[in-house]
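Structure first, commentary second.
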Amino acid sequence: MKSPSIYPLGDTAAVVEFGGGISAATMRRIAALGQQLVRQPLPGLRETVPAYTTLTVFYDPACAYEQVAAWLRNALTASEAAPNTPVSPPEVVEIPVCYGGEYGPDLAAVAAHTGLEMNEVITRHAAPTYLVHLLGFLPGFPYLGVLDAQLTTPRRASPRARVPAGAVGIAGAQTGIYPLASPGGWQLIGRTPLRLFDPAWPEPTRLRAGQQLRFVPISATEFEKMRQMCRYKDV
Amino acid sequence: MSISLIRPGLLTTVQDLGRPGYRAAGVPLGGALDAPALRLANLLVGNAPGEASLEITLAGPTLRFEAPHLLALVGADLSATLDGKPLPLGRPVAVQAGTVLAFGAARAGCRAYLALAGGLGLPPVLGSCSTLVRAALGGLHGRALLAGDVLPAPGPGGPGAALRARLALAFQGSSHAAAPWHPAPAERPALAAAPVLRALPGPEYAEFAPESQRAFWQQPFTVTPAADRMGYRLAGPPLARLAGAELLSSAVAPGTVQVPPGGQPIVLLADCQTTGGYPRLAHVIAPDLGLLAQARPGTPLRFQQLSQAEAHALYLAQEAQLRTLAANYSAFLTQWLRQ
Chain A
1 MKSPSIYPLG DTAAVVEFGG GISAATMRRI AALGQQLVRQ PLPGLRETVP
51 AYTTLTVFYD PACAYEQVAA WLRNALTASE AAPNTPVSPP EVVEIPVCYG
101 GEYGPDLAAV AAHTGLEMNE VITRHAAPTY LVHLLGFLPG FPYLGVLDAQ
151 LTTPRRASPR ARVPAGAVGI AGAQTGIYPL ASPGGWQLIG RTPLRLFDPA
201 WPEPTRLRAG QQLRFVPISA TEFEKMRQMC RYKDV
Chain B
1 MSISLIRPGL LTTVQDLGRP GYRAAGVPLG GALDAPALRL ANLLVGNAPG
51 EASLEITLAG PTLRFEAPHL LALVGADLSA TLDGKPLPLG RPVAVQAGTV
101 LAFGAARAGC RAYLALAGGL GLPPVLGSCS TLVRAALGGL HGRALLAGDV
151 LPAPGPGGPG AALRARLALA FQGSSHAAAP WHPAPAERPA LAAAPVLRAL
201 PGPEYAEFAP ESQRAFWQQP FTVTPAADRM GYRLAGPPLA RLAGAELLSS
251 AVAPGTVQVP PGGQPIVLLA DCQTTGGYPR LAHVIAPDLG LLAQARPGTP
301 LRFQQLSQAE AHALYLAQEA QLRTLAANYS AFLTQWLRQ
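These protein sequence lines map, in sequence, to chains A and B.
If you're matching positions, the first sequence starts at 1 in UniProt numbering and goes up one per residue.
If you're matching positions, the second sequence starts at 1 in UniProt numbering and goes up one per residue.
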């Protein structure tokens, strides 16, 4: 296990880099350090941002970087001492998705690109248990790993001016869910009726880094019924 | 107690000091691009430094105060007028109900901040009134202001009310009266025709070719028209990253200078996304982000390398200056109001 490095991001943040590429083990170490910083907040800590192999720690710039880095090294020693603490909740978050048709207008394009039947695309997309590596790009947008390699499809040649909230898409070897309506170039294969982001919730996002997620195929009838129940509102 | 938007201007949004604490959820920090200007505007009218104010971009709006107010405008010189008469920047101004604020040519800088004593009567979203247009969050309906909008503005209370009452004694038939004094020019946020931005090397700095590193510190870059609240695309000498490991998305922040494969850098601003996958060549220090925000398309920029310790000292100095200004102003006001 590589020892993490610590370096500055400008004058407002320090980055703890775990290295070693995308893995669930690295995610656990990042989450463990994040929890350690919740248990023992370092002076001046403002917020932490997890990503694939890094935890970025934003601090009050009135603190000196060297001091922050020293505190982080101590926190790391503590969190790495017990790296096997389970950090993901045991349950897997289920995201219902209506695939294809008006809900997934690019399903046929993904099938054509991959040489798979549309049903096979759906089966392979809904099969894995995904890990939420980070939220970024838009509020509540999850970067998920790992997509079935056979489903890899490049982004659309021309991005859409408006992708609806809840759209589930593929871009290269990535898959994700648009929490808000936005311009976007991902291949849209389905849509969830669930809201993923609502600033009125105590925690504004349904998902968070380190969680596990599974897509559950649903019919258009189920989608519309659930959308009513969720009082889904297009933003 | 409200303000009516007659014309919206190019981009007029409600901003405060941003929305910290939600970056792990993918919610940008946001807030005023020239934060020291917003803080000074609020200070002048007796508000808390982070009170929600209007950020006005290049071509300003036309708006009417439907009730008596105390305002201050700080930042870019956008030829502001009150009922056709020039509005001085950087001082508190009392206005009567019905006064119209309008703007003309953008003479210097890019963004002006209009603070009103008592702030704006808008609900915070995730702890902030800052407008994040991309996610339709905060401000007035999560968007830039439009013609016909009515902004709730409760009007002055506390120190702002006393100051307005005193200034109102000098109306003498006019619709408004400005304070006969203002803070020393040196204490006002700087505007420069060719700003020099102080910066630190970024996490991937060492992976750039030595000639690209030199070019970044020595050559001028120009702000291109692709400049918004998320960031500025710059034009200048091409910057090349030598072969390095494939980068995985990691945190970025306002001030991060990232270099996409095309070799032309992007410097990120308050509404930037929370993570990015481009190599981070440098990082503009927090005290210079306001100066950067005042650069408009076509403005030449230079970058000056600092050490971490120098950046820290500059931050402390800027904060101390703002605190001293606040204390001096408060003491001055107390005395002036007694006269």
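We put the beta carbon where it would ideally sit given N, CA and C, even for glycine.
Proximity below 8 angstroms, CB of residue i to CB of residue j
i, j, result
"B/Gly98", "B/Ala153", "no"
"A/Thr53", "A/Gly104", "no"
"A/Leu134", "A/Pro179", "no"
"B/Ile3", "B/Glu55", "no"
"B/Thr222", "B/Gly298", "yes"
"B/Pro183", "B/Gly90", "yes"
"B/Arg23", "A/Glu47", "yes"
"B/Leu126", "A/Pro199", "yes"
"A/Ala51", "B/Ser250", "yes"
"B/Leu82", "B/Ser175", "yes"
"B/Leu201", "B/Ala253", "Going by the sequence as given, residue 201 of chain B is Pro instead of Leu. No, Cβ-Cβ distance for B/Pro201 and B/Ala253 is not below 8 angstroms."
"B/Ala112", "B/Val74", "yes"
"B/Leu140", "B/Leu101", "no"
"B/Ala148", "B/Leu301", "Position check: residue 148 of chain B holds Gly in this sequence, whereas Ala was assumed. No; because the gap between Cβ atoms is not below 8 angstroms, this pair is not in contact."
"B/Leu44", "B/Ala115", "yes"
Buried versus exposed call for residue i [16 or more other C-beta atoms within 10 Å across all chains shown]
i, result
"B/Phe332", "exposed"
"B/Cys110", "buried"
"B/Arg107", "exposed"
"A/Pro154", "exposed"
"A/Phe215", "buried"
"B/Gly158", "exposed"
"A/Asn74", "exposed"
"A/Trp201", "exposed"
"B/Thr274", "buried"
"A/Val97", "buried"
"A/Gln36", "buried"
"B/Thr13", "buried"
"B/Arg134", "buried"
"B/Thr324", "exposed"
"A/Ser79", "buried"
"A/Thr221", "exposed"
Presumed contact (8 angstroms Cβ cut-off) between residue i and residue j, rounded CB distance
i, j, result
"A/Tyr130", "A/Leu194", "Going by Cβ atoms, the distance from A/Tyr130 to A/Leu194 rounds to 15 angstroms, so no, they are not a contact pair."
"A/Gly210", "A/Met27", "6 angstroms"
"A/Gly166", "A/Arg191", "5 angstroms"
"B/Ser130", "B/Gly231", "About 16 angstroms separates the two Cβ atoms, so there is no contact after all."
"A/Gly184", "A/Val168", "Not confirmed; about 12 angstroms, so no contact."
Rounded separation between residue i and residue j - CA only
i, j, result
"B/Ala186", "B/Leu289", "Any reading at B/Ala186 must be qualified, since the residue scores a pLDDT of 49, below 50, and its modelled position is unreliable; no value is offered."
"A/Cys230", "A/Trp186", "25 angstroms"
"A/Asp234", "B/Leu137", "Residue placement at A/Asp234 cannot be trusted, given a pLDDT of 45 that sits under 50; what the coordinates show is reported in the next sentence. Each residue's alpha carbon lies about 13 angstroms from the other."
"B/Ala94", "A/Asp11", "39 angstroms"
"B/Gln69", "B/Leu10", "The amino acid occupying residue 69 of chain B in the given sequence is His; Gln does not appear at that position. Each residue's Cα considered, the two are about 24 angstroms apart."
"B/Gly50", "B/Arg39", "6 angstroms"
"A/Ile170", "A/Leu55", "26 angstroms"
"B/Ala76", "B/Gln294", "7 angstroms"
"B/Arg164", "B/Arg338", "14 angstroms"
"B/Gly255", "B/Arg166", "41 angstroms"
"B/Phe171", "B/Ala179", "11 angstroms"
"B/Ala37", "A/Ile189", "46 angstroms"
"B/Gln335", "B/Glu310", "37 angstroms"
"B/Ser57", "B/Val267", "First, the residue type needs correcting, since residue 57 of chain B is Thr and not Ser in the sequence shown. So the alpha carbons of these two residues sit roughly 18 angstroms apart."
"A/Ala157", "B/Leu314", "46 angstroms"
"B/Ala317", "B/Pro88", "27 angstroms"
"B/Gly197", "A/Ala32", "The sequence as given places Leu at residue 197 of chain B; Gly does not occur at that position. Distance between the alpha carbons of B/Leu197 and A/Ala32: 37 angstroms."
"B/Glu246", "A/Thr77", "28 angstroms"
"B/Pro20", "B/Gly173", "45 angstroms"
"B/Leu239", "B/Pro261", "9 angstroms"
"A/Pro128", "A/Leu107", "18 angstroms"
"A/Leu207", "B/Ala48", "35 angstroms"
"B/Ala209", "B/Pro237", "13 angstroms"
"B/Ala226", "B/Gly263", "15 angstroms"
"B/Ala327", "B/Gly26", "37 angstroms"
In DSSP terms, what residue i is bridged to
i, result
"A/Ala14", "A/Pro8 and A/Val57"
"residue 394 of chain B", "Residue coverage of chain B in this structure runs from 1 to 339, which leaves residue 394 of chain B outside it and unanswerable."
"B/Glu55", "B/Thr13 and B/Tyr113"
"B/Ala94", "B/Leu70 and B/Ala177"
"B/His283", "B/Leu200 and B/Thr256"
"A/Leu131", "A/Gly145 and A/Gln212"
"A/Cys98", "A/Arg191"
"B/Asp77", "B/Ala108"
"B/Glu310", "None, per the DSSP bridge assignment."
heavy atom of the ligand GDP below 7 angstroms from residue i C-beta
i, result
"A/Gly185", "Ligands in the displayed structure: none, and consequently the ligand GDP is not present."
Chain D contact residues for residue i, given Cβ-Cβ distances below 7 angstroms
i, result
"B/Gly255", "The structure shown contains no chain D; the protein chains it does contain are A and B."
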